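Numbering (the numbering used here), first residue to last: 300 to 1005.
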Amino acid sequence: MTASTHTSPPAPDGVHYRACNLCEAICGLKITVQGGRVTDVRGDPDDPLSRGHICPKGTALPDLHADPDRLKTPMRRVGDSWEPMEWDAALDHVAARLRAVREQHGPDAVATFQGNPSVHNSGTLLSAGAFLKALGSRSRYTATSIDQLPHHFAGAEMFGHPLLLPIPDVDRTDFFLMMGANPLASNGSIMTAPGIRDRLKAIRARGGRVVLLDPRRTESAEYATDFHHIRPGTDALFLLALLNEVFASNLERTAHLGGVMTGLDSLKAAAAPFTPEAVEARTGVSAGVTRELARAFATAPRAAAYGRIGLSIQEFGGLCQWLVNALNAVTGHLDTVGGAMFPAPAFDLLAGAKAGATHHGRHHTRVRGLPEFDGELPNVALAEEILTPGDGQIRALVTVAGNPVLSVPDGAALDRALGSLDFMVSIDPYLNETTRHAHVILPPAFGLEVPHYDVIFHHFAVRNTARYSQPVFPIRPDQRFDYQIFDGLVQRLTGKALATPEQRLGAGLAHGRSGLTLDDLKANPHGVDLGPLQPCLPGRLLTATGELHLAPAPMLADLPRLRATLDQTPEPLVLIGRRQLRSNNSWMHNTPRLMRGPDRCTVQLNPADAQGLEHGQTILIRSRVGEITAPLEITDTVMPGVACLPHGFGHARSGTRLSTAARHAGASLNDLTDPTRIDALTGNAAVNGTPITVHATEQVGESAAD
């Protein structure tokens, strides 16, 4: 591969303030530059949201900027090697190839996949939509359906819009019920709460309770007053049992929403069969614990229930997120101080939303007939849509900041499918496990080089703030911003030019209620504090009737599927993932300082499931779709019947340019997960709860878990 001879321009010396855009916490940073390079990164104590907090990822931003593996100019694959291209030639070539596939096979033959980093960069977030529109394809895939889709499904069905997600008012609550969440590792997720450790400690300091249920005793359990193991995939049963006890004890409090809330009687009837005794054998949570938690939560003056990724990426993710919202609503803890509330972002993506819009089921995948949601198809279908011949077969793919080979179920099958495409282009700064299949890579500037506003995460934040980040480093003449790449492609496909992200941001602020302008944000580099969350219902609702729907019809129709699990025998051993503070999915493993220390890609097993195995030995893990090997970590932090492996590793594939990640390759969780296991309600991938067996590598014929 030929490297560019251009060097990066130096940053101006001095102190720079910006928000870290590597995860949902959006922590404020104070960055010192001397001699044109970063010499110090620490938390910004004057940021009104993060208040000086910083995690290891933030300190690694300068490393990402200087990463010698990062691509900065377009590259074209020629056989097994890569050669550089000029930008205009690259954009001409990509547009011509996409147009040719579209003209020969139809627009749906060109698919797109947008990865998690897309929403961490306002340039991509505010420009990619126009590119998708220019393609005219319905074959859209994103990371949403291997993550938080059930949250959005519940928001659309209950409140009228996918972005109407109640966020825990953690700074004022006295009872915080968490399920399937590990905010000490994530700093909040669908709950932007930087410095969550101090926020949890504050709840305890004021005499409150922090209750956590999870199959693994996570880092967050150290800051909980109560911790209980719960079997993977049974959270909806437990939530229904909580509701059952609330109703049986006449503890519901709905007066403040009584005039706009419908479906209470239907919800009571739905919860009636799921008594604490009926579900305890399946969940592993005793009836006594369930009853006590239900009563304490319902009678607490200020309480909030929160369920995150462990609830979403299972076979009943949609029911789980509906029931979390319902529990908050019927106990008087929705849209109230200290409960679950709706943020009021300065740049509000709901400003032009229409009430009563349809958000799902408008078209379906070609092979399995899986429904779209919010214009996106479930990514469990991507490989089969590429490999199955016929009208509408995907023949070209555009990936944007995504690595689905490591992130979607049965990544090995997708890996094989990508090699069969007629054309693939990746808008990505790295040659990774996915982009190695591209015919052309268009690398955008990112990190400390880009201006940024957190368009999405202010919708999920525990306090209303706004912050605009100026670039620290200028880009080289041969680099391009992401919005410039999208603009170049759109102009070639349609003849139309795009508005810049700054223009769109300024217009969005003007339509918001904060009164802020972009100039105001630029004049306040630490950010602007807009205050705590405030009650906003019914004004914020976007349902057709203007009412909050406690018992949406799709959720009620899905309950028989859940009830049938009460009579099923649990699998002997199932696999779950785990989040780690020093990574974010698959894209933080190429930074040396974040990869220091012992091997983090270990499979955790309870001693009861590790009979005949030894701590530290490499074991074989098998599922229906594949097998991997990983070092064994025997620990009682995971409950019996559960194995735990981190998500995002698997960097041993050839043809990548990730030198540090390759030295810490690990194994991919998603070489084991099964694309046929989905949440039938939402289409989200059920990557947690995958049935597996484990074996000593020298005795692969006999399961050590039996």
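Note that CB positions come from ideal geometry on N, CA and C, so glycine has one too. All values reported here derive from a predicted model rather than from experimental measurement.
With 16 as the cutoff for other CB atoms within 10 Å, does residue i come out buried or exposed?
i: V986; result: buried
i: Q333; result: exposed
i: S444; result: buried
i: Q447; result: buried
i: N543; result: buried
i: S548; result: exposed
i: E385; result: exposed
i: H662; result: exposed
i: G807; result: buried
i: T1008; result: The first residue shown for the chain is 300 and the last is 1005, placing residue 1008 beyond what the model contains.
For residue i, which residues in the same chain have their Cβ closer than 8 Å to its Cβ, ignoring the five residues on either side in sequence?
i: L720; result: I685, I693, R694, A695, L696, H736
i: L717; result: I685, L696, V704, M723, T733, H736
i: G357; result: C319, L321, C326, L328, V340, G342
i: T890; result: A359, D362, L363, D366, T959
i: T338; result: T331, V332
In terms of alpha-carbon separation, which member of the options lies closest to residue i?
i: F745; options: P930, A408, F780; result: F780
i: T331; options: L448, V314, D673; result: V314
i: L829; options: L840, P837, L815; result: L815
i: A856; options: P361, Q778, A429, S565; result: S565
i: L648; options: L321, G805, E518; result: G805
i: Y752; options: R791, N320, P311, G965; result: N320
i: A760; options: Y782, G691, P831; result: P831
i: L538; options: H663, W621, H950, G459; result: W621
i: A918; options: K567, G811, E675, H994; result: What sits at residue 918 in the sequence shown is Ile, not Ala. Minimum Cα distance to I918 is reached at H994.
i: G638; options: D468, H946, A645, Y782; result: D468
i: A907; options: C900, P871, P897, V924; result: P871
i: I991; options: G911, A964, L904; result: L904
i: V873; options: A863, V941, M477; result: V941
i: P939; options: D473, R401, A455, R530; result: R530
i: G378; options: G954, A540, G587, G988; result: G954
i: T491; options: I977, V636, H352, T411; result: H352
i: R803; options: A427, S380, A410, Y316; result: A427
i: T582; options: A569, T533, T589, G562; result: T533
i: A388; options: R398, R375, R812, L847; result: R375
Assuming the contact rule is C-beta atoms closer than 8 Å, residue i and residue j should be a hit. Round their C-beta distance to whole Å, please.
i: L880; j: C354; result: 6 Å
i: E926; j: I920; result: 6 Å
i: G826; j: P347; result: 6 Å
i: V393; j: V739; result: 5 Å
i: L841; j: G459; result: 3 Å
i: E456; j: M854; result: 7 Å
Near residue i, which residues of its chain fall below 7 Å by C-beta distance, leaving aside the five closest residues on each side in sequence?
i: G435; result: P406
i: R503; result: V509, T524
i: N702; result: G414, N731, E732, T733, S885, W886
i: A599; result: D473, F474
i: A586; result: P575, E576, E579
Compute the Euclidean distance between the alpha carbons of residue i and residue j, then round it to the nearest angstrom.
i: K795; j: A433; result: 10 Å
i: P575; j: Q867; result: 17 Å
i: A365; j: H757; result: 29 Å
i: N420; j: E801; result: 13 Å
i: D470; j: Y522; result: 15 Å
i: R601; j: G487; result: 20 Å
i: D391; j: A712; result: 31 Å
i: H632; j: A604; result: 9 Å
i: A809; j: P373; result: 36 Å
i: R895; j: S882; result: 12 Å
i: A310; j: S417; result: 25 Å
i: T528; j: F573; result: Per the sequence shown, residue 528 should be read as His rather than Thr. Cα to Cα, the separation comes out at about 19 Å.
i: H658; j: L425; result: 20 Å
i: P776; j: Q790; result: 21 Å
i: M300; j: A429; result: Low local confidence applies: a pLDDT of 40 at M300 is under 50, so the model's placement there is unreliable, with the coordinate-based value given in what follows. When rounded, the distance between both Cα atoms is 32 Å.
i: L797; j: C619; result: 40 Å
i: P773; j: V707; result: 35 Å
i: F596; j: A984; result: 30 Å
i: V771; j: T423; result: 18 Å
i: L669; j: L957; result: 35 Å
i: D345; j: R766; result: 12 Å
i: E518; j: R878; result: 10 Å
i: L483; j: A395; result: 47 Å
Looking only at its chain, what residues have a beta carbon closer than 6 Å to the beta carbon of residue i, apart from the 5 residues adjacent to it on each side?
i: L944; result: V902, L968
i: R515; result: T936, V937, C943
i: R923; result: D973
i: E748; result: P770, F772, I774
i: R839; result: F641
Can residue i be considered in contact with the ligand MG, in the sense that its beta carbon sits closer than 6 Å to one or more heavy atoms?
i: G668; result: The ligand MG is not part of the structure shown, which contains no ligands of any sort.
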